[in-house]
Each structure stands twice: as structure tokens, then as C-alpha cells.
Amino acid sequence: MVIILKDKRFCIAQYFGVPGKYPTLQAYLASLTQASTGEIASKQVVICSEKQLLGLCYKLKPKSYNENELLKWAGTIKSIYVSDGLVVNGYSSDKLKGASYGPFPGATVIGLTPGSWKSIKIIPLTEIKKRVRVCEKEKLSQDGRCDELAINDYPDLKMVSGADGDILTVDGLQCIFPFKYGETTYKKCANDGEKYWCATAVDDKLAYKKWGKCAFPQTWSDKILSISIPENVKVWLYTEEDYKGTTYGPFYGANTIDEVCGGATTKSMKVSNTHMKSSEMVKICRGPSFSQMCDFIETKLYPKLLIHGCLWSSEENKIKSMRVPGGLAVYMWTDENYKGIPLGPYIGPVSVSVVDGGDPSESQIKSLKIVEYKPAAVDSVKRKFSKGKSYETDSN
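Here it is in C-alpha cells:
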């Protein structure tokens, strides 16, 4: 059953695929050259035969669906829309068994579902949690895989959720957690330096009897290329497991990073709450009019523009647009250590779609200072005015 016209489904996929970028669906529609109209399916899940909610689609009500209940949709679902107030989990085997995919809380669109779903569980969303959306293509593109990660530490992105019974071996056997090897208890796949493995059979003391190599259906290692971060959440990215290697971040929300600096090299990450408010921070972007990669940066001095692990002073990756909130001022220079040609100051609140040294220009900003800025006190101005008025009165 086709439920939404093709162009309308594509519009919905793009809007929900970049959460937080547009305040309302109407704002997103206004950004299109040709706006589509139509209603979004409510309190239901929509499964489709092609990416980005294209092809044939079908509505599912909140319940569990075994393989026979999905009719001929089992194993053919390529994308999914989850309405607000619902959460979806997909499974690689019948009767909610095998590798699990999710949870995917609504409202969201998964433009390319991971794995092959043979059964589905749809339940009400009882607790709203902030989640970070990660995608394997630039601009959170819905023609690639995306996922939503909870606030948590992820020491190994090959195992996004490796301790809750959703990991299989390469032979299709279920991993058993926890299991013991020697004196160590494992709640996730063990790494012996050459392979990841898990127990497939244990004795009454949880010691492993049989084992197999782990397969990772939800791996995000070396795959995160774009990311959307909600308000009051920060993200750290690392190029090695266990938070080692090159560090990128913290990146503060609310922010959508169309292309993470360093490319898809993240092997571990940390997602946590923060008291920092992006609305009170300076926003810098690599493209004009706040496009491409943007970052919110702290109020301090930057003698070199290696910020949060990302280089901002090369010809390819220079600051081209900027937003300064009220109470702050930004001073810039064309050389490191506050040398070269001074630019600015940019005194907030101000939004600059193309900064000095941005396009078109052969120069680039190589150092900057962000300082607190306080205009002349209003009461002192009043006193001066009052004195002048008094003098005039006396002269009369």
C-alpha cells in the first residue's frame, strides 16, 4: 500500500534526517525551491522498499511483528519513518531474535536501514532521551546509513550495543554475555589482538565452552562522517579505541556538522551532558552563510587555529562565516600569535555571512581572540545627560 506521494515522502526523509537543523517542518519547506504539501503519518511506522522513503511503502501500527506478520516485507525493508511517541527495533531473525538494530525513537527517518529485518517491535516511547545522530555520509544524507546514539561512552564503536544480546558470530550463532575467560568476566566481545570473539556456550560458572568470532551489525568504527548534536550535549571523537589517538572535540550542541574534520576515522567517542550553551558561544563555519562544518568555540585566546583538533587556518579549511553573541567581541589576525593584518573587531550580537579574509580572498585568518565586551554603562550616560540638563536649567 502506497501511503504518501513520492515527493512528499522524500521531503519528510530529508527534514527528519537532519534533526534540529530546521525549527519546524514549515521552515524546511520554505527552504525548498518547490515546496511539497501533505500530512505526515501520525502514531504509525512507515516501512519502504527503497532508500529515503521511496519505492513502495506500508503502514505498521504499534505492536510486535514476526516474519509471517510482515507478509512479504520481511527482509525487504530499506528505509523507515518513525512517528513521534514511538520507538522501533528491528531483528535479523524471526520472533524478535538474532541481531537487533535500534532503538530508533521518533520522530525520525532512517533513510537506509542497517541489516535485513525479519521481525520488528514497535512500542510507545515512554522516556524521551537526548540522542546524537551519526551518519556515514556527508550532510546527514539519507542515502547512507544513520543511527541515533544515546548519551554514553563508546570505547569501541565496532560495538555500539554489544552487551545486550544483539551480537552474533560470523557463523550466525548467538553470543552469550557475560562469560568468563580465565579470571576475567566479559560483558562484550573480547579482543585478543587478532580478532574479537565471544562465548557461544558456557558452563554453570559462566566459563566459556565454545566460542566464535564476533560479527558487528551496528559497527560505526571509521564510519562517522556527519553528526547532529542536541542542545546541552557535547561530543568527543577519537581515532583509536579506548579514547586514544587524535582527539576531536568537544563539539557542542545544538549543532549539525555536515562533514566532521578528519573524515570517517572515529573508533571511539564520548557523548555527555554539558552546561555550556551554544547560543552564548561564538560560531565559526568553513563555508559562507554558515555552511559546511560549523563549530561553537569557547571564550578564550587562540594564537593558532587548531581548534578542537580541527585546522581552521588553511586555504581549504578557513573561517568564512561567523556569529558572535551579545556580550562578546572577536579580534582576528592574518598570522599566528596575533601578528599580521588585524581584522575586526566583530562585536556581538552580529552574524557575518562572509568575514574579512573569507571568500573571495587569498588571505586567511590564522589567530583570534574572543573576549567579553561591555558597552559604556547606561547609568553613566544618564548622569552625563542629567548634568547637561541641570546646567541648561540653571542658565535660564
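As numbered in my numbering, residues 12 to 407 make up the sequence shown, in order.
Glycine included, C-beta positions come from ideal geometry on N, C-alpha and C.
Using C-beta distances below 7 Å, list every residue in its chain close to residue 213, excluding the 5 sequence neighbours before and after it, in chain order.
For residue 213, where only same-chain residues beyond five positions count, the Cβ hits under 7 Å are 187, 190, 219, 220.
Taking C-alpha atoms, which residue in 90, 129, 356 lies nearest to residue 158?
Nearest Cα to residue 158 within the set 90, 129, 356: 90.
Span of the beta strand (DSSP E) around residue 281:
Per DSSP, the continuous beta strand (DSSP E) segment holding residue 281 begins and ends at 279-284.
Roughly how many angstroms lie between the CA atoms of residue 307 and residue 115, to the nearest whole one?
Residue 115 has its alpha-carbon roughly 27 Å from the corresponding atom of residue 307.
Which class does residue 253 belong to by DSSP, given the choice of helix, strand or coil?
Helix, per DSSP.
Does DSSP put residue 43 in a helix, a strand or coil?
Confidence in residue 43 is poor, its pLDDT being 39 and thus under 50, which makes the residue's placement unreliable; the coordinate value appears in the next sentence. Residue 43: coil per DSSP, three-state reduction.
Which value, in whole angstroms, describes the spacing of the CA atoms of residue 299 and residue 258?
Their backbone Cα atoms lie some 26 Å apart in a straight line.
Report yes if the C-beta distance between residue 295 and residue 305 is below 8 Å; otherwise report no.
Yes, Cβ-Cβ distance for residue 295 and residue 305 is below 8 Å.
With a threshold of 16 other CB atoms inside 10 Å of the CB of residue 337, please say whether the residue is buried or exposed.
Taking every protein chain shown into account, the CB of residue 337 has fewer than 16 other CB atoms within 10 angstroms, so this residue is exposed.
Ordered along the chain, which non-local residues of its own chain (more than five positions away) have a Cβ less than 8 Å from that of residue 366?
Counting only Cβ-Cβ distances below 8 Å, and skipping sequence neighbours, we find 330, 331, 332, 333, 343, 354, 357, 376.
Indicate whether residue 277 and residue 168 have their beta-carbon atoms separated by less than 8 Å.
In contact: residue 277 and residue 168 (Cβ atoms closer than 8 Å).
8 Å Cβ cutoff met for residue 130 and residue 105:
Yes, they are a contact pair.
CB of residue 1 within 8 Å of CB of residue 280, strictly:
The requested residue 1 does not occur in the structure, where the chain is confined to residues 12 to 407.
Going by beta carbon distance, what residues of the same chain come within less than 8 Å of residue 71, once the five residues before and after it are set aside?
Shown here for residue 71: same chain residues with a beta carbon closer than 8 Å to its own, the five before and five after excluded, namely 55, 56, 57, 58, 131, 133 in chain order.
When you measure from the CB of residue 60 to every non-hydrogen atom of the ligand ATP, does any distance come out below 7 Å?
The ligand ATP is not part of the structure shown, which contains no ligands of any sort.
Compute the beta-carbon to beta-carbon distance between residue 410 and residue 179, rounded to the nearest angstrom, for a pair I have assumed lies under 8 Å.
Look at the range of the chain in this structure, 12 to 407, and you will see that residue 410 is not part of it.
C-alpha gap between residue 18 and residue 147, whole angstroms:
For residue 18, the predicted model reports a pLDDT of 49, less than 50, meaning its position is unreliable; a value from the coordinates is still stated below. Between residue 18 and residue 147, the C-alpha separation is close to 24 Å.
Taking Cβ to Cβ, would you say residue 384 is nearer than 8 Å to residue 312?
In this structure, residue 312 does not lie closer than 8 Å to residue 384 by Cβ.
Here's the rule I'm using: 16 or more other beta-carbon atoms within 10 Å means buried, otherwise exposed. How should residue 122 be labelled?
Counting Cβ neighbours within 10 Å, residue 122 comes out buried, since at least 16 surround it.
Would you list the residues sitting across from residue 200 in a DSSP beta bridge?
Note: residue 200 sits in no beta bridge, so no partner.
Applying the criterion that 16 or more other CB atoms from any shown protein chain within 10 Å of the CB defines a buried residue, is residue 266 buried or exposed?
Under this definition residue 266 is a buried residue.
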